[in-house]
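J.: Protein sequence lines, in the order shown, are assigned to chains A and B.
Whatever position you read off the first sequence (first residue = 1), add 138 for this note's numbering.
Whatever position you read off the second sequence (first residue = 1), add 48 for this note's numbering.
Where a beta carbon is used, it is the ideal one built from N, C-alpha and C, also for glycine.
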Amino acid sequence: MIRRRVAVTGIGQTEFAKALPGTAWQLALEAVNAALADAGLEPADVDGMCRFAPPFEQVSEPMLVRALGIRELAFFAEAPLGGEALGAVIAHASAAIACGLASVVVCYRAISQSRGGRFGRADRGGPSATGPDDATPDLVVPEDDNRSFAWPYGLMSPGQLFALWATRYMAVHGLTDEDLAQALGTVAITQRGYANRNPAAMMRDRKLDWESYRAARMIATPLRLFDLCLENDGACAVVLTSAEVAASLRADPVYVLSATQSLSPYREPMGIYTDDLIELFPPAAADRLFGQAGVSRGDVDVAELYDATSFMTLKSLESYGFVPDGRGWRYLTETGIGPDSPLPVNTHGGHLSEGYLHGMNGLTEAVRQLRGTACNQVAGAEMALVGAPSGSAMILAR
Amino acid sequence: MAIIPGYSELTAPYWEHARAGRLVVQHCAGCDRSWHPPLPACPGCQSADTGWREVSGDGTVYSYTVVTHPTHFEFADRVPYVVAIVELAEGPRLVTGITGCAPREVRVGMPVRAYFRPVTDDITLPYFEPR
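#1: DSSP three-state label for A/GLN151, please.
#2: If the cut-off is 7 Å on Cβ atoms, which residues from the segment 430 to 457 of chain A count as contacting chain B, listed in chain order?
#3: Compute the Euclidean distance between the alpha carbons of A/MET190 and B/CYS149, then round it to the nearest angstrom.
#4: Taking the alpha helix (DSSP H) that A/TRP289 belongs to, which residues open and close that run?
#5: Please report the residue range of the alpha helix (DSSP H) in which A/TYR458 lies.
#6: Using the Cα positions of A/ALA215 and B/MET158, report the straight-line distance between them to the nearest angstrom.
#7: Using the three-state DSSP reduction, which class does A/ILE475 fall into: helix, strand or coil?
#8: Can the beta-carbon of A/ALA353 be found less than 9 Å from the beta-carbon of A/MET341?
#9: Please confirm whether B/PHE164 has its beta-carbon closer than 9 Å to some beta-carbon of chain C.
#10: Helix, strand or coil for A/ASP425 per DSSP?
#11: Who are the Cβ neighbours of A/PRO480 in its own chain at under 8 Å, not counting the five residues just before and after it?
#12: Closer than 7 Å by C-beta to A/GLY297: which residues in its own chain qualify, once you throw out the five before and the five after it? Chain order, please.
#13: Determine, for A/LYS156, whether the minimum Cβ-Cβ distance to residues of chain B falls below 9 Å.
#14: Where A/PRO265 and B/PRO91 are concerned, what is the direct C-alpha to C-alpha distance, given to the nearest angstrom?
#15: Got a sec? Which residues, its chain only, sit under 7 Å from A/VAL483 by beta carbon, not counting five neighbours each side?
#16: By DSSP's criteria, B/HIS75 is part of a beta bridge. Which residues make up the other side?
#17: Could you give the C-beta distance for B/ALA132 and B/TYR112, rounded to a whole number, given that I count them as a contact under 8 Å?
#18: Counting only the same chain and skipping the five closest in sequence on each side, list residues whose C-beta sits under 8 Å from that of A/ALA267.
#19: Is it buried or exposed for B/ALA96, if we count other Cβ within 10 angstroms and need 16 for buried?
#20: How would you list, in chain order, the residues of chain A whose beta-carbon sits under 9 Å from the beta-carbon of B/SER82?
#21: Just to confirm, are A/ALA309 and B/VAL156 a CB contact at a threshold of 9 Å?
#22: Kindly indicate which residue of A/SER528, A/VAL524, A/ALA535 has the alpha-carbon position closest to the one of A/GLY518.
#23: Out of A/ALA166, A/SER252, A/THR379, point me to the one whose CA is closest to A/HIS230's CA.
#24: Can you give me, in chain order, the residues of the segment 274 to 296 of chain A that have a beta carbon less than 7 Å from any beta carbon in chain B?
#25: Going by DSSP in three states, A/ASP183 sits in which element: helix, strand or coil?
#26: Helix, strand or coil for A/PHE194? Go by DSSP, reduced to three states.
#27: Interface residues of chain A around B/THR147 at Cβ under 7 Å?
#28: Give the residues of chain B in contact with A/ARG355, contact being defined as C-beta atoms less than 9 Å apart.
#29: Is the segment 380 to 397 of chain A touching the segment 196 to 208 of chain A, taking contact as three or more C-beta pairs under 8 Å?
#30: Under 9 Å, Cβ to Cβ, is there at least one residue of chain B near A/SER266?
#31: Quick one, are the C-beta atoms of A/VAL524 and A/LEU495 less than 9 Å apart?
#32: May I ask you to verify whether the segment 391 to 398 of chain A touches the segment 422 to 434 of chain A, counting CB pairs closer than 8 Å and requiring at least 3?
#33: Per DSSP, B/TYR175 forms a beta bridge with which residues?
#34: Listing by chain order, which chain B residues have their CB less than 7 Å from the CB of A/ILE410?
#35: On the three-pair Cβ rule with 8 Å, is the segment 461 to 470 of chain A touching the segment 315 to 325 of chain A?
#36: Enumerate in chain order the residues of its own chain whose CB-to-CB distance from B/HIS65 is below 8 Å, with the five nearest sequence positions on each side excluded.
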């Protein structure tokens, strides 16, 4: 088990903005260098790397090894499936350190949606990037990941998929439109409040109140504009080392207690065909996450939950076992996730209001919380859960 | 232009049947299991002796969304449109569209029936409408 044998020794991130001047390569370099500086290490110290696999991560290990002047990587690995790589890269890196394959492992994620590949625009950066025209040829959707059975019907973006989840959730648990709006609006507005106090957040200067939330246009029912995450440029990186190395480098290491990944049939991005569509995170994986950490739900002081949509924050509370199944919406409405709630969630503003970095900015925020340096500091925070969908998550502690 | 499915060796029979007005799913004779989308072997017994079985076309709405913001220019003139997951009477679920009623009238659990809409000379998409 990883339990406290590995630590996050450094974190780094770029500015997050709708369009940054740098390429993803440049952004990755900036974040990695910042993380190394934060750890008190040099590029020459790096001997391991773990990244989100393509097509999501465009910056390869060779690109970074060349540009950083790293002497040699002894370990490098990639985890597939987009945001679901979040827990996996930390699990792989931690395992490599724990069994001696590498001693200083960098994990990173660089995104440049302004230069193509927007998740919310299937026609920007994809095979049909040229735009509409009478002469535009048909878009033939290749048969990979079952997209060819979905795209022709106009099911093309994660936001539309999670709209299907939210509708199903409402039907299974008997919610009215108003019940769901109350719950999801609480997520969007609370996270925006955190972002308003976070200088790094893209939405730091943009207030969101109930009137604006309700008045926002629907994107795909029942999800409104403010239920969907931002699209942006930016990069995040973390440096992992053994606990011993971490303790020699800094007074406030943040330890990895557990990190998990999971794969079951159709439980993957755009996993439309799962037996239970709305099972966001398999219960067995959640039990493994907590069991390997040797802690219980009540020990967690703060959670940074992957929020491609506000609905995922809701469902994550249930899937990780913080709230019984089917009660997440009521919990949000009655208790909430604000600074004074029992479990503050997405204290940086999340993907909805800080920026979208495939969960890596939730990880850097969790580290700041456990160091006691966060903008929206949870008093005395000792343990954090960083969660992505589909069994991918980690528990960290100081 | 149209957004159309690419054929593969595995999926071509599904689309060829659809063009002929038949809705089919893969079926394993060995363990009497049906599934969708297509797989190279039966996920229950690993038999490669799989075939295609025509289904009734009857199903119920498992979930749906009314898309009001297009994410591809091809759909700019089509919003609002309904994307649904329909559970076939025979068990498997598929992604489809619902027409034949106002988008706001679609409900989870609503009984629907397949019909076929040609989108190009080669491609016909199964859609569903209330029954």
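T.: Short version:
#1: On the first sequence, position 13 is the one that residue 151 of chain A refers to. Strand.
#2: none
#3: Along the first sequence, one-based indexing puts residue 190 of chain A at 52. Along the second sequence, one-based indexing puts residue 149 of chain B at 101. It is Phe, not Met, that sits at residue 190 of chain A in the sequence shown. Cα-Cα distance, rounded: 43 Å.
#4: In the first sequence, the residue the question calls residue 289 of chain A occupies position 151. From DSSP, A/TRP289 is part of no alpha helix (DSSP H); its letter is neither H nor E.
#5: Walking along the first sequence from the start, residue 458 of chain A turns up at place 320. Neither: A/TYR458 is in no alpha helix (DSSP H) and is coded neither H nor E.
#6: Translated into the one-based positions of the first sequence, residue 215 of chain A becomes position 77. Translated into the one-based positions of the second sequence, residue 158 of chain B becomes position 110. The alpha-carbon atoms of A/ALA215 and B/MET158 are separated by roughly 46 Å.
#7: Taking the first sequence and counting its residues from 1, one reaches residue 475 of chain A at position 337. DSSP places A/ILE475 in coil when its eight states are reduced to three.
#8: The residue labelled residue 353 of chain A in the question sits at position 215 within the first sequence. The residue labelled residue 341 of chain A in the question sits at position 203 within the first sequence. Going by C-beta atoms, A/ALA353 is not nearer than 9 Å to A/MET341.
#9: Protein chains in the displayed structure are A and B, and chain C is not among them.
#10: By one-based count along the first sequence, residue 425 of chain A stands at place 287. Reduced to three states, the DSSP call for A/ASP425 is helix.
#11: For the purposes of this step, residue 480 of chain A is taken as residue 342 along the first sequence, with counting starting at 1. The answer, listed in chain order, is THR473.
#12: The residue given as residue 297 of chain A occupies position 159 in the first sequence. Answer for A/GLY297: GLY258, ILE357, ALA358, LEU361, LEU366, THR447, listed in chain order.
#13: Start at 1 with the first residue of the first sequence, and residue 156 of chain A comes out as number 18. Not closer than 9 Å to any Cβ of chain B, the Cβ of A/LYS156 fails to qualify, so no.
#14: Counting from 1 along the first sequence, the entry for residue 265 of chain A is found at position 127. Counting from 1 along the second sequence, the entry for residue 91 of chain B is found at position 43. With a pLDDT of 41 at A/PRO265, under the threshold of 50, the modelled position of this residue cannot be trusted; read the value that follows with caution. About 32 Å.
#15: Position 345 of the first sequence, counting from 1, holds the residue named residue 483 of chain A. Excluding positions up to five away in sequence, the list reads ALA441, LEU443, THR451, ILE475.
#16: As a first step, residue 75 of chain B is located in the second sequence; it is residue number 27 there, counting from the start. According to DSSP, which records beta bridges pairwise, B/HIS75 is partnered with B/SER82, B/GLY99.
#17: Taking the second sequence and counting its residues from 1, one reaches residue 132 of chain B at position 84. Taking the second sequence and counting its residues from 1, one reaches residue 112 of chain B at position 64. Confirmed, Cβ separation roughly 4 Å.
#18: Stepping through the first sequence from its first residue, residue 267 of chain A is reached at position 129. Caution is warranted here: a pLDDT of 45 is assigned to A/ALA267, below 50, making its placement in the model unreliable, and the coordinate value is therefore given only provisionally. Once the five neighbours on either side are set aside, the close Cβ partners of A/ALA267 are GLY254, ASP261.
#19: Indexing the second sequence from 1 puts residue 96 of chain B at position 48. With fewer than 16 other Cβ atoms within 10 Å, it is exposed.
#20: The count along the second sequence starts at 1 and reaches residue 82 of chain B at position 34. Here the premise fails: no neighbours, minimum Cβ distance about 13 Å.
#21: Counted from its first residue, the first sequence places residue 309 of chain A at position 171. Counted from its first residue, the second sequence places residue 156 of chain B at position 108. Yes, they are a contact pair.
#22: Position 380 of the first sequence, counted from the first residue, corresponds to residue 518 of chain A. Comparing Cα positions, the closest option is A/ALA535.
#23: Looking up residue 230 of chain A in the first sequence gives position 92. The residue with the shortest Cα to Cα distance from A/HIS230 is A/THR379.
#24: THR274, PRO275, ASP276, LEU277, VAL278, VAL279, PRO280, GLU281, ASN284, SER286, PHE287, ALA288, TRP289, PRO290, TYR291, GLY292, LEU293, MET294, SER295
#25: Here residue 183 of chain A corresponds to residue number 45 of the first sequence, with the count starting at 1. Correct three-state label for A/ASP183: helix.
#26: Numbered from its first residue, the first sequence carries residue 194 of chain A at position 56. DSSP places A/PHE194 in coil when its eight states are reduced to three.
#27: If you number the second sequence from 1, residue 147 of chain B lands on position 99. Simply none; closest approach about 11 Å.
#28: As a first step, residue 355 of chain A must be located in the first sequence, where it is residue number 217. Within 9 Å Cβ-Cβ: THR116, HIS117.
#29: no
#30: As a first step, residue 266 of chain A must be located in the first sequence, where it is residue number 128. Confidence at A/SER266 is low in this model, with a pLDDT of 43, below 50, so its placement is unreliable and the value that follows should be read with caution. Closer than 9 Å: yes.
#31: Position 386 of the first sequence holds residue 524 of chain A. Position 357 of the first sequence holds residue 495 of chain A. No.
#32: yes
#33: Indexing the second sequence from 1 puts residue 175 of chain B at position 127. BP columns for B/TYR175 point to B/TYR163.
#34: Numbered from its first residue, the first sequence carries residue 410 of chain A at position 272. Result: ILE133, VAL143.
#35: yes
#36: Position 17 of the second sequence holds residue 65 of chain B. Counting only Cβ-Cβ distances below 8 Å, and skipping sequence neighbours, we find LEU71, VAL72, TRP100, GLU102.
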